[in-house]
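Everything below concerns the one structure shown next.
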Amino acid sequence: MASQAAVDKHRVTAVLVSHNGAVWLPEVVAALTSQTRPIDLITAVDTGSQDSSTKLLKSARIPFISADVETGFGQAISLAVNKLPKSVDHEWIWLIHDDCAPAPTALAELLAAIDDRPQVVMVGPKLLGWHDRTHLLEAGVSIAGNGARWTGLEPLEYDQGQHDGNHDVLAVSTAGALIRRDVFEELGGLDPNLTLFRDDVDFGWRARAAGHSVMVATGAVAFHAQASANERRTVEVDGAFLHRPLLLDRRNAAFVLLSNSSWWILPWLVIQLLGTAIARAIGYLIAKLPGYAADEILAVGSLVVRPGLIIAARKVRKKQRFVSARVIAEFIPPRWSQIRLASEGVVDAIRAKLFPENNQVSTTSVLDANEDEDLLTPVNTNHWFGIFKRPEVIGFILISLISLLNSRNRFGALVGGALPISPAGATDLWRTYFESWHQVGMGSTVATPTWVAITATASLFFLGKVQFLITTFFLVAPVLMMFTASKLLKRLTENTWISIPAALLYAVSPVAIAAVSTGHIATVLFMVLAPVVALLLSDVEKIESFTWRKIAGVSLLLAVLYGFSLMIFVIGLAAGLISTLSDYEKHAQEANAPLYSLRLQKRAALIFVPFVMNVPYSLETIKNPTRLLVEPGLLISGGGPIHALLGNPGGANSLPIWLVSPILLALIVSLFSSTHARRIAEYGVGALVIAVVISALSISTHGNEASSKVWSGPVLVLVTLAAVAAGTVLLDRLRETLVLSHIHYRHILSALLLFTTFAYSVLAIGWSVTKGADSLVQANRATVMPAFLSVEKDVKILVLREVGSENEKKIQYYLSRGKDISLGEPDVAPAQTVAIADAARGLIDGSGVTSSSTLSDFGVKYLYVKAPFKREIIRSIDGLGGFSRTSATSLGVVWKVTAPASRLMFVGADGVRKELEAGEVGARTYVPSAGTLILTETYNRSWQVLENGYRLDRNKNEQGLPTFTVTEAGEISLIHDGTIRRAWLSLQLIFFVIVLVMALPAGRRKSEISEKELA
Amino acid sequence: MNFSRPLRFIAFVAGAITIASALNVAVSKKSYSENYPAVVCPPTLPGLSSQISLSSKKTQFQRLQNRSAKTDSVKVLRLPVMKDSLLFDAQGSTPVVWQSKTGNWAGGAICSGPASSQWFVGASADITTKGRLIIVNSGLSDAVVDVNVFTENGKQPLRTLNVSSKNYLVIPVDSLAPGDKTLTVNVVPRSGRINSFMIDEQGKGLRALGGDLVNPTTSPSRTVVIPAIPNQGKKPGQGAAPAHVLRVLTPGDVDASVTVELLSADGVFIPVGLNSRSISAGLVTEFTFSPKISSSAFAVKITSTEPVVAAVESSVAIGGGKDFTWSTAAPELSEFTMAVTGLTPLIVFAGSEINVAVEVTLVNGKSIRKAIKGTDVATWRVPAAARSFTITKVGKQTYAGALVSSVNGYGYFPIAPGSVLTRVEIPDSNIRILNP
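For the record, the sequence lines run as chains A and B.
The letter at position 410 of the first sequence is residue 410 when you use the numbering used here, and the numbering goes up by one with no holes.
The letter at position 358 of the second sequence is residue 358 when you use the numbering used here, and the numbering goes up by one with no holes.
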């Protein structure tokens, strides 16, 4: 190359480092040779290329040094520099990567930028993408506090010159960086610890700490393929453990920060690096990139195990430093800008998912536009209120009004029907979910169902106010039902005048009205989500085509529904069995074993994965199968098979039976249809069969001793949805068919169906907004338990109450813990103890002379008869003895059991029973002497009493209560060991995370991303 | 079109309904426990003597103040009571207590289970009277009782009394409203197993005018029937026939208009001045009437615009002395058994159409049947050897009372069940009751 001393005062030596870069090298060499300001000297270093790189260098007549394959970039540069002639004034080294092609004017622009800036020792070009040459890669580079490489640019930012100009920066990429040779040598070149990646930032930082300047000159442009970072080639440098570029990048980032930063911010940096590594590792795990996740952790770990490296590096830097390391503070990006960029990225990702870009390119040119067309097009005379003529608007306004009118007594904390009072905060629900012992009745260890955790999580969107969540949910549920149903029905018809009224009909169906007014939260939720499930499983008959990710996603949704009611599992199991039998028949004909095996696997996954995600509650149903048929909350009786046959769950507050819905008629008519309606109707009839059968069953669970008819709401949701969907398909093309054909049975059936539907709609809406508003679920009802009984902590009170209508009164009782039951408690309520049942019976029929002592044995301190109540029975209790009246108010009568009664009793050697203080579950208290402790809770092996660090012997007394033998006086600790519950919850969490990760979109390794996408 | 598949689905539904019908067994909504609560008889106060008629020697009894649950059998059919109030496990047979003061007065009352409210229309609080209100607490817990007193001067201040468990209180009636002449007392237990009894003894100076046990009624009513009022008629040498005094109270806030109908073997009529008589709310009002009828007993039916309580005081002569009875309202007659050993009462039935079948069990164990039919009023004397009678059949709107005369005096008690089968529903355990 000819010297350019005549052109300017600078001498430029280009150092090209190549490693398996044959793909890019020809263009790079061409770019170097075509510089408008010729390079004074070009030398190259090849680090063990296996491809044709060396051949290309030879053919280009570029002298090169062959180095070991593990030679780092910095070492390669140093090798080349060391071979150069002695340094002269204004001598510059131009670092060139084998995947970086500078524009012809790049060198000229770089030199021009530094001509009148003697303090600048490192200058770099604007880096653009190799493939998309408008993609701005870098215009200077920095490092964030968490080690991220910071360019200040948005992802895939388009270069419009918005960052142009000569700017001071912390560093520039080594790709195309021009470095003054004397300073390069003075600083010891690029740090040999940084074999690849972040050596540029480190050098820039050191140069600045040594009192020099670094700048980017965007007039100079280079096109960079970033082959190593984008995993276009294997990283084989020394220290690149397992040849993983991300690991090396993250390790080097941490090295740069820890080597160059001031010592006093090192602890904070370490925390940041660790925290970021963990967070990013979790992110990569969720994106199913465990290799990247491991890179993040290993990167930090590899430095932690070798602190000597950092110490040595800091010593070197200390010697070179002329100014404080904080001189670079202005180039470190503030944290808010990192957060802003990250949040913008998340928002963009969500936006892209929700509103995908329309990639269809218009083929119409603006030149084709007929400008006179405006004159020919009639003026749009639509008024703004024309929007109210759209069926969607009319329908949703109508359902909103219906819901508002129907909910007029439900503005506030809801309670009644199946719905107990909601606790004030989500923490109470979480406690109910996590605790191993529930203070309900005589206590229970029943696993809390998952819906409690789901509700607690959902309440976070309502500032943790569970009551607000429940009230809002019941208020907007009909609108949501209509919305999701309309989404489904629009897939079946394009005619919104059919789909919207059908969706409205779904939202005012008998099961919807009954579920809302009786507080059946699972049925309401299923009404909302069933159309979504139907949409997701619309092609379930080709389940083999479902991806496992889709199976996991649907399983997550089904797990939520199972969490609310395992009746949906029963439905799924029944459907799965029928489908499998059908497959078995088909398989006998087709003999396609792999296909049917795959179908079976995927179907089983859909049914059982959600079941497993609801352990331990779901597993407990094996012991208590009645729980498969219940909903959250209190057991409310359904109406039986005849109601179910008509699509009405029946029971209190449901639509009267004379208000017949068109559900059954629609299904039967659709069965005879030749359209797709027939297939839908078959599903509906299948569900109807299940509904009819289970509605005939009577069960007793959830703290209700008496048998109650099963509420078949969840199954009827499917029946209703199928009827509405089948009816929609039926009506979609019915008009044309009827117009074209002579009058026959179809006309009659259609007229009958339409008339029934219209009559039902009008009557049901009328009933809903009038009588229906006076529902079981109401807002702000007075509590059952008087406030003065809630003062004593965890006191057991036997409550007697007359319930039922005026003509059908019934006396019922239960043990209260001083307050009304709240959400989640009925689900874990135990069956009543026989002795307490006998005592309660004795109170009522006047034979209970021993009731008082029985109640005392079980720690029941008070007897409360809620008004109104039969006065004869009150007098009978007065006469029984063992009770002393403490109050008689308009709320009811309270007696105190005269014998000692508390949660924790102590019987000394003298046989005298003493009450001991006890907390709500665990307790620390003092035992006066040797004797026996009686815990008046249901016996459970997890109850433990510790004294002096030793467990006391546990036994069961004749009442079935746990007792503990105390050997000496002293302080004791009562605990309920929740290890088993915690283990189950951990298992549930693991299942949840696995399915969630499987359901989330998978990330791609950079090596899997196409060049085009990387641009 | 192939209809076989749709029809198969419809067949599935039909099958499901069949299965559901088989599964849909009737769920028993309620179950009951039935028993007869122990009945309480009044204590025998000093100077008095008591006998309780029982239908069986095996009837179990217990003294009120006995704290243990142990009971003994009575071993007799007529049990003399020295002092204590007694509790009987009467098992559906209502015992009757007969109290008397030798040569002075006698009266009868039924022993009954605890009551939620008792109205005593009778007695006086002026200085010549010696009435007593007895409140018995047969329960094992202390009781609180409200005593409302009404007189001719209106409602008196409420008195609230504590009665110890297994004990009784005796309250002089003249202390309830000192100086007032016409009393009506309402005893309402707030808590406890309470029965009340009232004794009315009257005199004039040192001369005793007789006495009686005033039987209670449970609640005011718009129609009150007092089925048995003794009518001895005018005796030779007597200036006028003994007058009857009707005492009425409307305890509500609204004045009532009452009409008194007299039912007797001589016919049904409204005594002069007793048609649509207005009575002031809260004031005890008395009307005196002397019916000119030949029958020895009659009944009155009071119809009112407001709920009232009422009783009739009748003077009677026994031997050479005088006595009086308080005939009180009786409930509509129902099927039950009453023990009447040693009483031979005259049962007076009142009703527009009387059709009552009675089975009498004699002391020797044999039983005889008797049908009583009539209109307005019918009487039947229980055989002397009877230990009990059972109303086996009775028509609607029939009332009955018993009149008993003895050497010491004349008494009345209503024919009403005291030992009543109590049917109590067995409660269910349901956590739902802890939800508003």
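We treat Cβ as the ideally placed atom computed from N, Cα and C, and that holds for glycine.
All of these numbers come straight from a predicted model, not from anything done at the bench.
Counting only the same chain and skipping the five closest in sequence on each side, list residues whose C-beta sits under 6 Å from that of residue i.
| i | result |
| --- | --- |
| residue 281 of chain A | 293, 296 and 297 |
| residue 908 of chain A | 929 and 931 |
| residue 31 of chain B | 426 |
| residue 979 of chain A | none |
| residue 387 of chain B | 55, 77, 341, 361 and 363 |
| residue 326 of chain B | 122, 212, 214, 311 and 313 |
Taking Cβ positions, are residue i and residue j nearer each other than 8 Å?
| i | j | result |
| --- | --- | --- |
| residue 478 of chain A | residue 452 of chain A | no |
| residue 191 of chain B | residue 143 of chain B | yes |
| residue 96 of chain A | residue 176 of chain A | yes |
| residue 794 of chain A | residue 818 of chain A | yes |
| residue 293 of chain B | residue 231 of chain B | yes |
| residue 342 of chain B | residue 63 of chain B | no |
| residue 150 of chain B | residue 272 of chain B | no |
| residue 299 of chain B | residue 348 of chain B | yes |
| residue 469 of chain A | residue 528 of chain A | no |
| residue 448 of chain A | residue 865 of chain A | no |
| residue 531 of chain A | residue 484 of chain A | yes |
| residue 81 of chain A | residue 189 of chain A | yes |
Would you kindly report the start and end of the unbroken alpha helix (DSSP H) that includes residue i?
| i | result |
| --- | --- |
| residue 695 of chain A | 677–695 |
| residue 413 of chain A | It is not in any alpha helix (DSSP H) - residue 413 of chain A carries neither H nor E in the DSSP assignment. |
| residue 32 of chain B | Here residue 32 of chain B belongs to no alpha helix (DSSP H); instead the beta strand (DSSP E) covers 32–35. |
| residue 482 of chain A | 466–489 |
In the DSSP assignment, find the unbroken beta strand (DSSP E) run with residue i in it and report its ends.
| i | result |
| --- | --- |
| residue 651 of chain A | Looking at the DSSP string, residue 651 of chain A is not in any beta strand (DSSP E), and its letter there is neither H nor E. |
Between the C-alpha atoms of residue i and residue j, what's the straight-line distance to the nearest angstrom?
| i | j | result |
| --- | --- | --- |
| residue 962 of chain A | residue 971 of chain A | 19 Å |
| residue 172 of chain B | residue 392 of chain B | 40 Å |
| residue 880 of chain A | residue 140 of chain B | 5 Å |
| residue 64 of chain A | residue 327 of chain A | 38 Å |
| residue 285 of chain A | residue 138 of chain A | 29 Å |
| residue 251 of chain A | residue 39 of chain A | 35 Å |
| residue 1002 of chain A | residue 133 of chain A | 29 Å |
| residue 14 of chain A | residue 193 of chain A | 23 Å |
| residue 360 of chain A | residue 130 of chain A | Legend: pLDDT at residue 360 of chain A = 48, less than 50; position of this residue unreliable, no value from coordinates given. |
| residue 202 of chain B | residue 252 of chain B | 29 Å |
Excluding the 5 residues preceding and the 5 following residue i in the sequence, name in chain order all residues of the same chain whose CB lies nearer than 7 Å to its CB.
| i | result |
| --- | --- |
| residue 20 of chain A | 49, 50, 51, 53 and 233 |
| residue 486 of chain A | 499, 500 and 503 |
| residue 496 of chain A | 391 and 392 |
| residue 83 of chain B | 43 and 44 |
Could you tell me which chain A residues have their CB closer than 8 Å to the CB of residue i, listed as they occur along the chain?
| i | result |
| --- | --- |
| residue 143 of chain B | 878 |
| residue 12 of chain B | 685, 686 and 689 |
List, in order along the chain, the chain B residues whose C-beta lies closer than 8 Å to that of residue i?
| i | result |
| --- | --- |
| residue 416 of chain A | 435 and 436 |
| residue 953 of chain A | Under the 8 Å cutoff, chain B gives no residues; its nearest Cβ is about 32 Å from residue 953 of chain A. |
If the cut is a Cβ gap below 8 Å, which residues of chain D does residue i touch?
| i | result |
| --- | --- |
| residue 139 of chain B | Included in the structure are the protein chains A and B, with no chain D among them. |
Along chain B, in chain order, which residues have C-beta atoms closer than 7 Å to that of residue i?
| i | result |
| --- | --- |
| residue 783 of chain A | 436 |
Along chain B, which residues have their Cβ under 9 Å away from the Cβ of residue i?
| i | result |
| --- | --- |
| residue 653 of chain A | Residues of chain B passing the Cβ test: none, with the nearest at roughly 14 Å. |
| residue 820 of chain A | 434, 435 and 436 |
| residue 803 of chain A | 430, 432 and 433 |
Within a Cβ cutoff of 8 Å, which residues of the same chain sit near residue i, ignoring the five residues on either side of it in sequence?
| i | result |
| --- | --- |
| residue 287 of chain A | 1000, 1001, 1002 and 1003 |
So which residues of chain A does residue i contact, with C-beta pairs closer than 7 Å?
| i | result |
| --- | --- |
| residue 45 of chain B | Near residue 45 of chain B there are no residues of chain A at all, since even the closest Cβ is about 23 Å away, more than 7 Å. |
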